[in-house]
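Notes for the one structure printed next.
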Amino acid sequence: MDVKSNFSIGEHTVSQMAAFAQSLGWKGIVVCDLYKDSATLDNLNSECKEASEKTGIEVYSGVTIQPKDPKELKKLVSETRDKVMLLIVQGGTYQINRAACENPYVDILMSPEQNRPDNGLDEPCFTAAQINGVSIGLNFRQLLNTYRKIRSRLLDFSKINIKLCKKYAVPLVVVSGAQSMMDMRDPRQLVSIANVLGMDLPHAFNLLSSIPQQIIEKNQKRLEGKIIGKGVEKV
Amino acid sequence: MREKPNILSPTMRERRRYLVFQVVSKEKMPFSDISNGIWHSVLNFLGELGTAESEVWVIKNSWDEEKQLGIIRCEHTAVEKIRTALALVQRIGDQPVIVRVLGVSGTIKSAKKKFFGEVDLLSFA
Numbered sequence: 004m005d006v007k008s009n010f011s012i013g014e015h016t017v018s019q020m021a022a023f024a025q026s027l028g029w030k031g032i033v034v035c036d037l038y039k040d041s042a043t044l045d046n047l048n049s050e051c052k053e054a055s056e057k058t059g060i061e062v063y064s065g066v067t068i069q070p071k072d073p074k075e076l077k078k079l080v081s082e083t084r085d086k087v088m089l090l091i092v093q094g095g096t097y098q099i100n101r102a103a104c105e106n107p108y109v110d111i112l113m114s115p116e117q118n119r120p121d122n123g124l125d126e127p128c129f130t131a132a133q134i135n136g137v138s139i140g141l142n143f144r145q146l147l148n149t150y151r152k153i154r155s156r157l158l159d160f161s162k163i164n165i166k167l168c169k170k171y172a173v174p175l176v177v178v179s180g181a182q183s184m185m186d187m188r189d190p191r192q193l194v195s196i197a198n199v200l201g202m203d204l205p206h207a208f209n210l211l212s213s214i215p216q217q218i219i220e221k222n223q224k225r226l227e228g229k230i231i232g233k234g235v236e237k238v
Numbered sequence: 325m326r327e328k329p330n331i332l333s334p335t336m337r338e339r340r341r342y343l344v345f346q347v348v349s350k351e352k353m354p355f356s357d358i359s360n361g362i363w364h365s366v367l368n369f370l371g372e373l374g375t376a377e378s379e380v381w382v383i384k385n386s387w388d389e390e391k392q393l394g395i396i397r398c399e400h401t402a403v404e405k406i407r408t409a410l411a412l413v414q415r416i417g418d419q420p421v422i423v424r425v426l427g428v429s430g431t432i433k434s435a436k437k438k439f440f441g442e443v444d445l446l447s448f449a
């Protein structure tokens, strides 16, 4: 999940990333490039379909948005929601973290603890995330590219977020955040990171298997027009 | 006089696990570089005390330079920590690398059988 391709800040093409992911043992990836405009999203969608046919693994398109304030978040979500399978909001300020948790159209709030002196979320955020089905994302690349003091602070805040996610029954996902092939790791290693940070092993496996699958299935139905409103679904 | 002390009884011995890893990089790398890179990452992630408690050791004899496969020994409760430390290896020397754990085994013999393709001659008897 959350792999960046050369459509935005990544180094390699979608097909190259998909082929390498397959060699590491992944059965599917979601390419979540940074949002530029809707034309780029359409190109990404077609590229993902091609890569999926070429490699044989499931390749979905997604988008990562980096809003400056809650108003911009709302605007970007309405622009992109119907075009992609996965919508990720890059966390940072408390206002954005809270607005993302309160928006039912957001799939994942990524790294709420980024560039902060705290974990970035509090009780109302977790309650809102649980009601709106927003998952909290743990970005592996962030851990990979930091060292010593900063890494230890990140691990500390991630540990707190995992503990609170368990308490408030908020779904949690571990994503690779890879921007090149060498940033990717095999799924079992990402499971062990969640385990080291306090998630028990059976649940840690779910963070990379059943929870992402549920998000994809929900959005597949949404894109097919089967979901009419909250709790109302065409069967 | 014996040069080595007697081996402890099985109940007194530490329970060890052997992680078989593969190094993914553009060029093949020698054991010394890999060993240094792994030690650096493990010490960075677990600290000196954590590393000592994990009883980590990179086994030199089992390094296969052709296949870029090796074995790390650790304490049985520290397997997940070592997996994480290996995931955080990003670069050794100038080269970007991925250290991939292929599996865990209880003995070096069975690790070699499973992952190095070694055949036990006694199985033909």
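Protein chains in written order, with this note's numbering: chain R, 4 to 238; chain L, 325 to 449. Beta carbons: idealized from backbone N, C-alpha and C, even for Gly.
- request: Would you verify that the beta carbon of Gln392(L) is, or is not, closer than 9 angstroms to some beta carbon of chain R?
  value: no
field: CA nearest to the CA of Ala402(L), picked from Phe369(L), Arg424(L), Ile422(L)
entry: Phe369(L)
task: Determine, using beta carbons only, whether Leu367(L) comes closer than 9 angstroms to chain A.
output: The structure shown has no chain A; the protein chains it does contain are R and L.
- request: Within 10 angstroms of the Cβ of Thr67(R), are there 16 or more other Cβ atoms? Answer buried if so, exposed if not.
  value: buried
- request: Measuring alpha carbon to alpha carbon, tell me which of Lys438(L), Asp388(L), Lys384(L) ends up nearest Asn360(L).
  value: Lys384(L)
message: Using the three-state DSSP reduction, which class does Leu175(R) fall into: helix, strand or coil?
response: strand
task: Hey, could you find the ends of the beta strand (DSSP E) Asn142(R) is sitting in?
output: 138–142
field: Interface partners of Ile362(L) on chain R, CB under 8 angstroms
entry: Residues of chain R passing the Cβ test: none, with the nearest at roughly 14 angstroms.
message: Rounded to whole angstroms, what is the Cα-Cα separation between Pro70(R) and Asp5(R)?
response: 17 angstroms
query: Span of the alpha helix (DSSP H) holding Lys437(L)?
result: 432–439
Collapsed DSSP secondary structure at Pro190(R) in the structure displayed: helix
message: By alpha-carbon positions, which one of Lys152(R), Asp85(R), Glu14(R) ends up nearest to Gly228(R)?
response: Asp85(R)
- request: Would you list the residues sitting across from Ile230(R) in a DSSP beta bridge?
  value: Glu236(R)
- request: Just the C-alpha distance for Lys391(L) and Arg339(L), rounded to the nearest angstrom, thanks.
  value: 28 angstroms
- prompt: Taking three-plus beta-carbon pairs below 8 angstroms as touching, is the segment 127–147 of chain R in contact with the segment 103–113 of chain R?
  reply: yes
query: Are the beta-carbon atoms of Asn100(R) and Leu90(R) separated by less than 9 angstroms?
result: no
Contact under 9 angstroms by Cβ, Leu44(R) with Val17(R): no
Contacting positions in the segment 190–224 of chain R - beta carbon closer than 8 angstroms to chain L: Arg191, Gln192, Leu193, Ser195, Ile196, Asn198, Val199, Leu204
- request: Find the nearest neighbour of Lys19(R) within the set Ser183(R), Ala207(R), Ile12(R), judged by alpha-carbon distance.
  value: Contrary to the premise, residue 19(R) reads as Gln rather than Lys in this sequence. Comparing Cα positions, the closest option is Ser183(R).
task: Please determine if the segment 338–358 of chain L and the segment 419–436 of chain L are in contact, where contact requires at least 3 C-beta pairs separated by less than 8 angstroms.
output: yes
- prompt: Apart from the five residues just before and just after Arg415(L), which ones in its own chain have a Cβ nearer than 7 angstroms to its Cβ?
  reply: Val421
- request: Rounded to whole angstroms, what's the CA-CA distance from Leu367(L) to Leu410(L)? Just pull it up for me.
  value: 11 angstroms
query: Pick from Asn9(R), Asp72(R), Lys74(R), Pro73(R): whose alpha carbon is nearest that of Glu50(R)?
result: Asn9(R)
- request: Select from Val176(R), Ile219(R), Lys237(R) the residue whose C-alpha is nearest the C-alpha of Leu211(R).
  value: Val176(R)
9 angstroms Cβ cut-off: residues of chain L touching Met113(R): Near Met113(R) there are no residues of chain L at all, since even the closest Cβ is about 19 angstroms away, more than 9 angstroms.
- prompt: Run through DSSP, which three-state label would Lys350(L) get?
  reply: coil
task: Would you list, in chain order, the members of the segment 133–149 of chain R that have their beta-carbon closer than 9 angstroms to a beta-carbon of chain L?
output: Phe143, Leu146, Leu147, Asn148
task: Buried or exposed for Asn118(R), please, with buried defined as at least 16 other CB atoms from any protein chain shown within 10 angstroms of its CB.
output: exposed
- request: Whole angstroms is fine: what's the gap from Ser213(R)'s alpha carbon to Glu399(L)'s?
  value: 30 angstroms
- prompt: Is there at least one Cβ from chain L nearer than 9 angstroms to Met185(R)'s Cβ?
  reply: yes
message: Restricting to Cα atoms, I'd like to know which of Phe129(R), Asn122(R), Cys128(R) is closest to Ser161(R).
response: Asn122(R)
query: Any idea what DSSP makes of Arg415(L), helix, strand or coil?
result: strand
task: Could you name the residues of the same chain whose beta carbon sits closer than 8 angstroms to that of Glu379(L), not counting the 5 residues immediately before and after it, in chain order?
output: Glu338, Arg340, Arg397, Cys398, Glu399, Ala402
message: My parser needs the beta strand (DSSP E) runs of 3 or more residues fully inside the segment 36–106 of chain R; what are they?
response: 61–68, 89–93
- request: Look at Glu327(L) and Phe355(L) and say whether their C-beta atoms are less than 9 angstroms apart.
  value: no
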